[in-house]
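Worksheet: one structure, shown below.
In our numbering, the protein residues as written are 112 to 426.
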């Protein structure tokens with residue numbers, strides 16, 4: 112219980128730091144926020160009257176000191192009020208929810224495909240060392256680690272969509288629109304996890320108890336499924352959490368490349384239009400998601416560690 116409380120207190124401290132950094136960057140961003148709001152509200156009006164700008168400053172409390180604005184904004188965030196978009200005058204939370212589904216679908220699909228492919232490659236590489244399976248797994252993972260996701264996305268668009276005409280190159284709405292973006296991110300996950308899984312499985316195979324199991328006549332398939340996978344699963348959890356959090360950020364580039372709706376396209380549009388409430392919320396969301404996912408994975412890894420399980424049983 113004490114460990115959980117310490118972890119939770121550390122999580123709250125990190126989240127508080129995220130809010131402070133996010134607001135500070137927004138506060139000191141160049142340009143007049145009142146003018147940005149005015150141009151977003153009146154896009155066709157290039158000459159904004161000073162009275163309108165002053166009214167906007169009073170409406171959004173822009174003339175107040177830094178800490179006054181920060182505490183006011185933080186109090187609204189604690190109540191679940193994330194502000195209103197400058198351009199659409201719609202609640203930021205509503206805009207976020209409307210675009211969240213596409214990003215989560217892309218992220219989870221890519222993670223599932225990438226992990227499945229990484230498991231198969233690693234399993235064949237470890238079961239058949241120094242063969243074409245082992246060398247192929249190393250080569251594929253090395254290529255995936257060195258290849259930027261946007262470049263792979265452009266290659267898939269050029270080859271699969273333009274030359275072959277099998278799948279749409281951009282858009283959202285059908286399963287066909289999901290295949291190329293998911294394949295782009297899944298290839299990166301596969302490359303990252305294949306190297307780690309292969310390393311952890313080889314380390315497990317080199318443990319002394321594996322040879323003892325062989326001497327007892329335990330089949331190789333049972334050794335692999337019941338012992339090697341079990342010992343390589345715990346350290347892999349951490350990297351799965353990191354990859355899942357990174358996929359949320361990597362989806363930004365992929366969504367822009369394939370012109371998909373989602374949080375990535377929403378963030379890019381908000382930055383270009385200087386829609387600060389949307390930008391602040393999305394930056395805070397991505398940072399918070401990264402911290403929360405890794406904290407949860409760290410806790411799960413702690414619980415799944417055989418040494419901790421033995422201590423719990425002994426106590």
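By construction, the Cβ of each residue, glycine as well, lies at the ideal position given by its N, Cα and C atoms.
C-alpha gap between residue 355 and residue 140, whole angstroms: Residue mapping note: residue 355 aligns to position 244 of the chain shown, counting from 1. Residue mapping note: residue 140 aligns to position 29 of the chain shown, counting from 1. Going by the C-alpha atoms only, they are around 30 Å apart.
For residue 199, which three-state DSSP category applies? Along the chain shown, read from residue 1 onward, the residue named residue 199 stands at position 88. Residue 199 falls in the coil class under three-state DSSP.
First and last residue of the alpha helix (DSSP H) that includes residue 193? For the purposes of this step, residue 193 is taken as residue 82 along the chain shown, with counting starting at 1. Segment: none, residue 193 is in no alpha helix (DSSP H) and carries neither H nor E.
For residue 194, collect the residues of the same chain with a Cβ closer than 6 Å to its Cβ; drop the 5 residues on either side in sequence, then sort them by chain order. For the purposes of this step, residue 194 is taken as the residue at position 83 of the chain shown. If we look at residue 194 and ignore the five residues flanking it on each side, its Cβ neighbours are 203, 388.
Three-way DSSP call (helix, strand, coil) for residue 171 in this model: Within the chain shown, numbered from 1, the residue matching residue 171 stands at position 60. Three-state DSSP puts residue 171 in coil, outside helix and strand.
Can you tell me whether DSSP reads residue 369 as helix, strand or coil? If you number the chain shown from 1, residue 369 lands on position 258. If DSSP states are grouped into helix, strand and coil, residue 369 belongs with coil.
Which first and last residues belong to the alpha helix (DSSP H) in which residue 258 is found? For the purposes of this step, residue 258 is taken as the residue at position 147 of the chain shown. Counting along the chain, residue 258 falls outside any alpha helix (DSSP H), and DSSP gives it neither H nor E.
Let me make sure I understand the geometry here. Which of 318, 325, 129, 270 has the alpha-carbon closest to that of residue 188? Within the chain shown, numbered from 1, the residue matching residue 188 stands at position 77. Selected option, being the one with the closest Cα: 129.
How should residue 184 be labelled, buried or exposed, when 16 other C-beta atoms within 10 angstroms of its C-beta is the threshold for buried? Translated into the one-based positions of the chain shown, residue 184 becomes position 73. Burial call: buried.
Can you list the alpha helix (DSSP H) stretches of 4 or more residues lying completely in the stretch 126 to 160, in chain order? Counting only runs of at least 4 residues, the stretch 126 to 160 fully encloses the following alpha helix (DSSP H) elements, listed from N- to C-terminal order: 144 to 152.
Exposed or buried, residue 318, counting other C-beta atoms within 10 Å across all chains shown (16 or more means buried)? Position 207 of the chain shown, counted from the first residue, corresponds to residue 318. Exposed: under 16 other Cβ atoms inside 10 Å.
Give the list of continuous alpha helix (DSSP H) stretches no shorter than 4 residues that lie fully inside the stretch 306 to 366. 319 to 326, 331 to 334
Closest Cβ-Cβ distance between residue 316 and chain B: below 7 Å? In the structure shown, chain B cannot be found, because there is only a single protein chain.
Given 8 Å, three or more beta-carbon pairs between the stretch 293 to 309 and the stretch 371 to 390: Under the 8 Å Cβ criterion, the stretch 293 to 309 does not count as touching the stretch 371 to 390, having fewer than three qualifying pairs.
7 Å Cβ cutoff met for residue 213 and residue 373: Position 102 of the chain shown holds residue 213. Position 262 of the chain shown holds residue 373. Contact: yes.
For the stretch 217 to 230 against the stretch 261 to 280, do three or more pairs of beta-carbon atoms, one drawn from each stretch, fall closer than 8 Å, so that the two count as touching? no
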